[in-house]
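Read through the structure below, which is laid out as structure tokens, and then see the notes.
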Amino acid sequence: MAVYVYNTLTRKKEELAVGGDKVGIYVCGVTPYSDTHLGHARPSVVWDVIKKYLHYRGYQTFHVQNFTDIDDKIINRARELGMDPLALAEHYSREYLECMDSLGVARADRYPKVSEHMPDIIALIERLIERGHAYAVNGNVFYSVLSFPEYGKLSNQKIEQLQAGTRFEVDPDKRHPLDFAIWKKARPNEPAWGSPWGKGRPGWHIECSALSYKYLGSEFEFHGGGCDLIFPHHENEIAQSEGATGRPLAKYWLHNGMINFRHEKMSKSLGNIVTIKEILKTYPKELVRYFLLSSHYSSELEYHDRKLDEIGRGWQRLNDCVNTLANLTGKNEMEPQPLDGAAAALAAVVREAEARFTAAMDDDFNTALAIGVLFDLLHQVNAYVAGMDHDPSADYALYQVYRLFSRLAGDIFGIIKLDGQQAPGLSEPLLELLLELRTELRSQKQYELADRIRDRLAELNVVIEDTPQGPRWRMRT
RNA sequence: GGCGGCAUGGCCAAGUGGUAAGGCAGAGCUCUGCAAAAGCUCGAUCCCCAGUUCGAAUCUGGGUGCCGCCUCCA
């Protein structure tokens, strides 16, 4: 089975074909001028999962994500704060990375910054001028959309139609109203760099063309970002990169849907953001990821204040199941063992679940369907555990389930806590001893004492459950 | 005005031609000293209209509503 992805460029699902030894991935990063919010977390978590899944499938990846650290918004914000724009950008770049770390997002291989790649950007602009795709006027350099016949191919628009929609007055220096600045002449009190056209700074779209080419070359596999970037940002990137090299920029364009809050796109300018720092004060990162993966990456996702509480119960069941498994089987490596009837059936269920999970993810990274598979597995495991009449510590089938959950829900999706098994200040043998004593007390109907042990352990986040097979414990997540 | 997307049970969400995954909430039951967890059982004909087809949530046409982009934005 191959991996299939929906390509915005062709508007079709296509089989993933990898050119080099690694899957090249370029995801448009953030403009670091304010706090990181849930809308920023979606592409990050989605691509984190895509990468981890590709690794699971045997691919290697090389992932680049830029920081647009020179931009009008940064300059304006820095002016308000009386700060140096680059210092402001540096601060929020760091904040962004901290947020991603705290969400369990693996770092990209490179996080290039615009301010550190001026020579690459200037070289690209020069090349575009040489090839007749750009022209300099009065210290500005504009990209000529008419020089690129395929302009509009990503967003499926024609230049004439776009022109009709132009809402703002056009710079008289432009040859065509849709031409866009790739180098902007410096204004007073702005960060500026020397260039063949005088002091200035890069336009918004040019850095992604320069940076993706520098670190990934041409025709790398994935180019990603929010669907709000399709036009003009990605359209312009294509015009720049393909205009300069004559080769395709990327093979597959993947766009994630927006997160809505109060029925509108969550964005700083609309003022309806929920920051990552804020949300992680109340909810664990695994639950945030569970939310982000609960629908397909390309769908819109509605957030509201009670959302994570509403979905928390199902998420909790996944965690409970894994924690129970961990305690039944131990977390250590277990040697393969022959399986009897029921255990053999469970082992078959495990294999089937993995196959279904893989099939779901192979089909355009359908995380929502894959989570459904995990719940089906959970269901069968719970039924098995409930009816279990032999020694669980030797149950290799349960161990297989635990391993599968750890890999799929833990390592790849990051939606369950795998490290929540340390009872603070309690060693496991001691805990077992307490449970033994409590069982003894219960058999003597000393319920007050038995309940006290349960209550006090609950204060330590150790949950005791009495089952027909004896008491079980797990850590509360 | 142009381009793109979406509309599935109370809520969330899979499903692109063959008869509606899964989760939450709700109801009943089982287990049980209590609690908790778990198990079992119960729910939709898929926005509307007209077509194509033996057969459509899935295809076509026409509506309606919502979202995104066309200005910075993940």
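Per numbering that gives the first Met the number 0, the very first residue in the first sequence carries number 0; after that it's consecutive.
Using N, Cα and C, we set each Cβ at its ideal position, and we do this for glycine too.
query: Fully enclosed by the region 245-324, which alpha helix (DSSP H) runs are 4 residues long or longer?; result: 275-281, 284-292
query: Taking the beta carbon of tyrosine 446 as the centre, do at least 16 other beta carbons fall within 10 Å, making it buried, or is it exposed?; result: exposed
query: If I measure Cβ to Cβ from valine 461 and keep anything under 8 Å in the same chain, skipping five residues before and after, which residues do I get?; result: Ala422, Leu425, Leu430, Trp472, Arg473, Met474, Arg475
query: Have a look at Met333, Phe61, Ala341 and flag the residue whose alpha-carbon is nearest the alpha-carbon of aspartate 47.; result: Phe61
query: What did DSSP end up calling glycine 340 once you bin it into helix, strand or coil?; result: helix
query: Compare the beta carbon distance of tyrosine 150 and alanine 238 with 8 Å and say whether it is the shorter of the two.; result: yes
query: Assuming methionine 257 contacts aspartate 227 (C-beta within less than 8 Å), just tell me the rounded distance between them.; result: 7 Å
query: According to the Cβ coordinates, are phenylalanine 230 and glutamine 162 closer than 8 Å?; result: no
query: Excluding the 5 residues preceding and the 5 following arginine 197 in the sequence, name in chain order all residues of the same chain whose CB lies nearer than 6 Å to its CB.; result: The residue you asked about is not arginine; residue 197 is glycine in the sequence shown. Excluding positions up to five away in sequence, the list reads Gly138.
query: Pairs of beta-carbons, one from the region 28-47 and one from the region 99-111, closer than 8 Å: are there three or more?; result: yes
query: Run the CB neighbour count on glutamine 399, radius 10 Å, all protein chains shown included, and call it buried at 16 or more, exposed below.; result: buried
query: Report yes if the CB atom of glutamine 123 is closer than 8 Å to the CB atom of serine 211, and no otherwise.; result: The sequence given here places leucine at residue 123; glutamine does not occur at that position. It is not a contact, given that the beta carbons lie outside the stated cut-off.
query: Out of Tyr91, Pro84, Arg56, Tyr251, point me to the one whose CA is closest to lysine 11's CA.; result: Tyr251
query: Should valine 384 be listed as close to the ligand HEM, given that the test is whether its C-beta is under 7 Å from any heavy atom?; result: The model depicted lacks the ligand HEM and carries no ligand whatsoever.
query: For glutamate 353, collect the residues of the same chain with a Cβ closer than 8 Å to its Cβ; drop the 5 residues on either side in sequence, then sort them by chain order.; result: Leu403, Leu407
query: Is the beta carbon of proline 31 sitting closer than 8 Å to the one on aspartate 68?; result: yes
query: To the nearest angstrom, how far is the alpha carbon of isoleucine 272 from that of phenylalanine 364?; result: 26 Å
query: Could you check how far apart the C-beta atoms of isoleucine 452 and tyrosine 55 are, in whole angstroms? I think they sit under 8 Å.; result: So it is not a contact: roughly 42 Å between Cβ atoms.
query: Whole-angstrom Cβ separation of alanine 180 and phenylalanine 141, contact assumed at under 8 Å?; result: 6 Å
query: For my contact list, isoleucine 275 and alanine 40 are in at a C-beta cut-off of 8 Å; report their separation, rounded to the angstrom.; result: 6 Å
query: When burial is assigned at 16 or more other CB atoms within 10 Å of the CB, is threonine 9 buried or exposed?; result: exposed
query: Which stretch, first to last residue, makes up the alpha helix (DSSP H) that contains phenylalanine 66?; result: Phenylalanine 66 -> no alpha helix (DSSP H), and no H or E assigned at all.
query: Going by DSSP, which residues form a beta bridge with lysine 183?; result: Arg200
query: Under a Cβ-count criterion, where at least 16 other Cβ atoms within 10 Å of its own Cβ denotes burial, should valine 169 be classed as buried or exposed?; result: exposed
query: Rounded to whole angstroms, what is the Cα-Cα separation between proline 190 and leucine 80?; result: 16 Å
query: Check this for me: beta carbons of histidine 132 and serine 146, under 8 Å apart or not?; result: yes
query: Tell me the start and end of each unbroken alpha helix (DSSP H) in the region 9-76 that is at least 4 residues and wholly inside, in chain order.; result: 37-55
query: Could you check what DSSP says for tyrosine 110 in three-state terms: helix, strand or coil?; result: coil
query: Excluding the 5 residues flanking proline 470 on each side, which residues of the same chain have their C-beta closer than 8 Å to its C-beta?; result: Leu434, Arg437, Thr438, Ile463, Glu464
query: Tell me where the alpha helix (DSSP H) around threonine 366 begins and ends.; result: 366-385
query: What is the C-beta distance between phenylalanine 500 and valine 372, in whole angstroms, given that I count them as a contact (C-beta under 8 Å)?; result: Residue coverage of the chain in this structure runs from 0 to 476, which leaves residue 500 outside it and unanswerable.
query: Could you check if arginine 174 is buried or exposed, using at least 16 other CB atoms within 10 Å of its CB as the buried criterion?; result: exposed
query: Could you work out which residue in Ala369, Met387, Lys183 is closest to glycine 340 when comparing CA atoms only?; result: Met387
query: Is proline 84 helix, strand or coil when you go by DSSP?; result: helix
query: Hey, quick one: how far does the beta strand (DSSP E) through isoleucine 205 stretch, first residue to last?; result: Looking at the DSSP string, isoleucine 205 is not in any beta strand (DSSP E); the run it does join, the alpha helix (DSSP H), is 205-215.
query: So, under 8 Å CB-CB, leucine 397 and leucine 324 are touching, yes? Tell me the CB distance rounded to an integer number of Å.; result: 6 Å
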